[in-house]
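Enquirer: Offset between the sequence shown (1-based) and the working numbering: plus 169. Don't be surprised by glycine CBs; every beta carbon is placed ideally from N, CA and C. Dropping the structure in here first, questions after.
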Amino acid sequence: MAPSLLAIWLEGCILYPSLGLILMQSTDTETHTLDPYFFDNTNCDHDYGTPHSGTFDSQGWNPGGQTRQARAEERNPESSALGSSSLPFSYTVVWKLQLRKGRMMTLTGDTVEDIDIPPVTFWDETLKSQLIDVVNEKVPVPQYKPDETKITVSTSKRAQRPFQKRFGALNIDWNVVENKLRSWSNQGSNLTVEVWFVYQEIQLDTTNKVGKTGRGATNRQLASRDRLITQQEAAGIRPVWKDVYAVFECSSVVCPNRGFSCWRDPSNKKHYKLDSDIMEKFVDYAEEGNKLEKHDDVPERLREIIYKHDEEATMRKQLKRKASDPLPTTIRICSHGLQDGTCTDPAVSSQRAIRSAGPARLKFPMPIDEAPKSYCDWLCCQVTNETWHAAYRLACQIAIDYGYDLNQMYKDQVVEAEMLATKGVLQGIAIQFVSRIKEWLDQISPE
Numbered sequence: 170m171a172p173s174l175l176a177i178w179l180e181g182c183i184l185y186p187s188l189g190l191i192l193m194q195s196t197d198t199e200t201h202t203l204d205p206y207f208f209d210n211t212n213c214d215h216d217y218g219t220p221h222s223g224t225f226d227s228q229g230w231n232p233g234g235q236t237r238q239a240r241a242e243e244r245n246p247e248s249s250a251l252g253s254s255s256l257p258f259s260y261t262v263v264w265k266l267q268l269r270k271g272r273m274m275t276l277t278g279d280t281v282e283d284i285d286i287p288p289v290t291f292w293d294e295t296l297k298s299q300l301i302d303v304v305n306e307k308v309p310v311p312q313y314k315p316d317e318t319k320i321t322v323s324t325s326k327r328a329q330r331p332f333q334k335r336f337g338a339l340n341i342d343w344n345v346v347e348n349k350l351r352s353w354s355n356q357g358s359n360l361t362v363e364v365w366f367v368y369q370e371i372q373l374d375t376t377n378k379v380g381k382t383g384r385g386a387t388n389r390q391l392a393s394r395d396r397l398i399t400q401q402e403a404a405g406i407r408p409v410w411k412d413v414y415a416v417f418e419c420s421s422v423v424c425p426n427r428g429f430s431c432w433r434d435p436s437n438k439k440h441y442k443l444d445s446d447i448m449e450k451f452v453d454y455a456e457e458g459n460k461l462e463k464h465d466d467v468p469e470r471l472r473e474i475i476y477k478h479d480e481e482a483t484m485r486k487q488l489k490r491k492a493s494d495p496l497p498t499t500i501r502i503c504s505h506g507l508q509d510g511t512c513t514d515p516a517v518s519s520q521r522a523i524r525s526a527g528p529a530r531l532k533f534p535m536p537i538d539e540a541p542k543s544y545c546d547w548l549c550c551q552v553t554n555e556t557w558h559a560a561y562r563l564a565c566q567i568a569i570d571y572g573y574d575l576n577q578m579y580k581d582q583v584v585e586a587e588m589l590a591t592k593g594v595l596q597g598i599a600i601q602f603v604s605r606i607k608e609w610l611d612q613i614s615p616e
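Here's what the structure looks like:
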């Protein structure tokens with residue numbers, strides 16, 4: 170008896186379980202189509218190596234997952250190249266451009282966030298060109314050059330101290346910075362790189378053609394002022410120098426410091442000539458935000474410097490004049506009748522002993538007939554009392570009307586003071602008028 174169809178099927182299921190499954194599926198009346206990507210030729214490369222075994226994951230069967238990932242990277246070369254030129258973390262760069270001239274002055278700065286490329290790449294592709302553009306725009310040339318670069322690497326983690334490094338000029342070793350960033354990148358904190366580009370003033374040669382340094386105080390002061398004004402204007406900063414020099418520029422006709430910068434003491438109205446060093450201190454004081462709009466705004470510490478400079482200048486002039494004045498010569502007239510050759514007592518007769526007395530003749534930088542008027546204006550500039558002003562003018566008018574030379578009045582002070590007093594000048598003013606002539610000349614005469 171021929172075996173039945175059911176017996177054959179049961180025997181086949183026992184011997185070949187998978188065949189039984191296929192036969193059951195064949196009884197289904199629906200038509201099934203195969204996925205065209207079921208046989209993917211790209212996954213059938215022959216490398217003659219040990220095939221990767223399939224694994225089960227949350228999504229089901231995953232044959233050779235690592236191989237698929239490697240081949241996907243090969244089909245997308247840009248993703249693999251990015252891994253070599255970018256960092257697995259990001260950081261922020263804060264940079265500033267500073268000028269050093271006695272004190273540090275910041276010209277400009279910028280902040281760049283979310284940088285994911287190595288510092289050397291960021292320097293070559295971005296930061297270096299930005300710095301050059303700012304230097305060409307802001308920094309005066311050729312007065313400044315790169316001096317040093319200071320870098321600080323910090324993290325938002327409080328327990329970690331900042332890492333600081335200094336490099337000469339623009340010779341920066343960015344590998345040091347990158348290594349520090351990498352060592353802190355696994356802390357899960359924000360990384361910041363602060364960069365200070367410091368430019369130093371170039372000391373220019375101020376000697377003239379014969380090799381001697383210029384001694385003109387006005388020229389040096391004006392040159393220093395113009396140079397610093399140019400620097401501030403180029404840096405886009407409000408020109409504080411202009412404002413300060415305008416306040417202390419002496420325009421008084423009677424002031425001996427006319428054409429210079431001077432400070433008028435509020436207590437005695439005396440004018441003090443200011444050199445470039447003091448003017449720089451004034452500018453520094455104003456740039457710090459302090460009020461310096463009139464002479465009364467000068468702080469006490471700067472006034473002490475002015476007083477000290479004035480005392481030193483007066484002492485130098487006195488020593489210089491003392492060294493140049495000739496020594497007085499004493500002439501003794503001896504009696505020819507004496508056998509021992511000794512001279513008679515000078516007190517016996519004024520004709521027997523003559524001593525050259527009196528200081529050397531004063532020199533005026535103006536005609537002698539105009540000197541009393543200029544001298545009177547200077548005296549009036551030193552005081553505010555109107556009675557004194559009137560007395561000074563009266564003494565001046567007497568000297569002009571009666572033809573008195575200031576040089577002679579200074580030599581015979583007692584006689585001339587009595588003469589002025591008898592003609593209605595206050596006695597104290599008369600003494601001042603004849604005794605302060607040399608003081609006036611010391612201030613108006615060049616150094």
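How far does the alpha helix (DSSP H) with leucine 563 in it reach, from first residue to last?
Expert: As a working note, residue 563 is residue 394 in the sequence shown. Taken as a continuous stretch (DSSP letters only), the alpha helix (DSSP H) holding leucine 563 covers 555-570.
Enquirer: On a CA-only basis, which of Glu347, Glu608, Asp316 is nearest alanine 482? Give me that one, please.
Expert: As a position in the sequence shown, residue 482 is number 313, starting the count at 1. Selected option, being the one with the closest Cα: Glu608.
Enquirer: Based on DSSP bridge pairs, tell me the residues matched to lysine 319.
Expert: In the sequence shown, counting from the first residue as 1, residue 319 sits at position 150. According to DSSP, lysine 319 bridges with Arg335, Trp365.
Enquirer: Confirm, please, whether the CB-CB distance from tryptophan 432 to valine 467 is below 8 Å.
Expert: Along the sequence shown, one-based indexing puts residue 467 at 298. Along the sequence shown, one-based indexing puts residue 432 at 263. With contacts defined as CB atoms closer than 8 Å, valine 467 and tryptophan 432 qualify as a contacting pair.
Enquirer: Per DSSP, what kind of secondary structure is isoleucine 474 in: helix, strand or coil?
Expert: By one-based count along the sequence shown, residue 474 stands at place 305. Looking at isoleucine 474 - three-state DSSP - the assignment turns out to be helix.
Enquirer: Counting Cβ pairs closer than 8 Å, one from the region 300-316 and one from the region 262-278, do we hit at least three?
Expert: With a cut-off of 8 Å, the region 262-278 and the region 300-316 count as touching, because enough Cβ pairs lie within range.
Enquirer: Would you list the residues sitting across from threonine 280 in a DSSP beta bridge?
Expert: To locate residue 280, count along the sequence shown from 1; it is residue 111. Per DSSP, Val263.
Enquirer: Could you tell me if methionine 484 is buried or exposed, where buried requires 16 or more neighbouring beta carbons within 10 angstroms of its beta carbon?
Expert: Sequence index remark: in the sequence shown, residue 484 carries index 315 (1-based). Methionine 484 counts as exposed, since fewer than 16 other C-beta atoms from the protein chains shown sit within 10 angstroms of its C-beta.
Enquirer: Quick one: what's tyrosine 454 bridged to in DSSP?
Expert: Taking the sequence shown and counting its residues from 1, the one referred to as residue 454 is at position 285. The partner list for tyrosine 454 (beta bridge, DSSP) is empty, contrary to what the question assumes.
Enquirer: Examine the ligand ATP and report whether any of its heavy atoms sits within less than 7 Å of the Cβ of tyrosine 476.
Expert: Of ligands this structure carries none, so the ligand ATP is not represented either.
Enquirer: Decide yes or no for the touch test of the region 352-371 against the region 316-332: beta carbon pairs closer than 8 Å, at least 3 of them.
Expert: yes
Enquirer: Work out the CA separation of proline 288 and valine 263 for me, nearest whole Å.
Expert: On the sequence shown, residue 263 is found 94 positions in, with the first residue counted as 1. On the sequence shown, residue 288 is found 119 positions in, with the first residue counted as 1. Cα to Cα, the separation comes out at about 12 Å.
Enquirer: So, at 7 Å on beta carbons, what are the nonlocal neighbours of arginine 562 in its own chain, with the 5 sequence-adjacent residues on each side left out?
Expert: Position 393 of the sequence shown, counted from the start, is the residue given in the question as residue 562. Only Cys545 meet the Cβ criterion.
Enquirer: Identify, in the order they occur along the chain, each residue of the same chain with its Cβ nearer than 6 Å to the Cβ of serine 323, setting aside the five sequence neighbours on each side.
Expert: As a working note, residue 323 is residue 154 in the sequence shown. Counting only Cβ-Cβ distances below 6 Å, and skipping sequence neighbours, we find Pro331, Thr361.
Enquirer: If we ignore side chains and look at the alpha-carbon of each, how far apart do alanine 599 and alanine 564 end up?
Expert: The sequence position of residue 599 within the sequence shown is 430, counting from 1. The sequence position of residue 564 within the sequence shown is 395, counting from 1. Cα to Cα, alanine 599 sits roughly 7 Å from alanine 564.
Enquirer: Closest by CA to phenylalanine 533, which one among Lys489, His558, Tyr579?
Expert: If you number the sequence shown from 1, residue 533 lands on position 364. For phenylalanine 533, the nearest C-alpha among the options comes from Tyr579.
Enquirer: Can you tell me whether DSSP reads leucine 443 as helix, strand or coil?
Expert: Indexing the sequence shown from 1 puts residue 443 at position 274. Here leucine 443 carries a strand assignment [DSSP, helix/strand/coil].
Enquirer: Count the other CB atoms, across all protein chains shown, that sit within 10 Å of the CB of isoleucine 284; report buried if there are 16 or more and exposed otherwise.
Expert: If you number the sequence shown from 1, residue 284 lands on position 115. Buried, by the Cβ-count rule.
Enquirer: Considering only the alpha carbon of each residue, which of Phe451, Glu587, Glu585, Arg470 lies closest to glutamate 462?
Expert: Reading the sequence shown from its first residue, position 293 is the one you call residue 462. Considering only alpha carbons, the answer is Phe451.
Enquirer: Since I believe lysine 592 is in contact with isoleucine 613 (beta carbons under 8 Å), could you give me their beta-carbon distance rounded to a whole number of angstroms?
Expert: One-based indexing of the sequence shown puts residue 613 at position 444. One-based indexing of the sequence shown puts residue 592 at position 423. The Cβ separation is near 27 Å, so there is no contact.
Enquirer: Give the DSSP-derived three-state secondary structure of glutamate 469 in the structure shown.
Expert: Within the sequence shown, numbered from 1, the residue matching residue 469 stands at position 300. Here glutamate 469 sits in helix by DSSP.
Enquirer: Looking at isoleucine 569: is its Cβ nearer than 8 Å to the Cβ of proline 536?
Expert: Reading the sequence shown from its first residue, position 400 is the one you call residue 569. Reading the sequence shown from its first residue, position 367 is the one you call residue 536. Contact flag unset, no.
Enquirer: Per DSSP, what kind of secondary structure is methionine 535 in: helix, strand or coil?
Expert: Translated into the one-based positions of the sequence shown, residue 535 becomes position 366. DSSP places methionine 535 in coil when its eight states are reduced to three.
Enquirer: Give the straight-line distance between the Cα atoms of alanine 560 and glutamate 456, rounded to the nearest whole angstrom.
Expert: Residue numbering aside, residue 560 sits at position 391 when the sequence shown is read from its first letter. Residue numbering aside, residue 456 sits at position 287 when the sequence shown is read from its first letter. Distance between the alpha carbons of alanine 560 and glutamate 456: 44 Å.
Enquirer: Any idea what DSSP makes of glutamate 418, helix, strand or coil?
Expert: Position 249 of the sequence shown holds residue 418. The three-state reading of DSSP puts glutamate 418 in strand, counting E and B together.
Enquirer: Who are the Cβ neighbours of histidine 464 in its own chain at under 7 Å, not counting the five residues just before and after it?
Expert: By 1-based counting over the sequence shown, the position of residue 464 is 295. Correct list, in chain order: Trp432, Arg433, Pro435.
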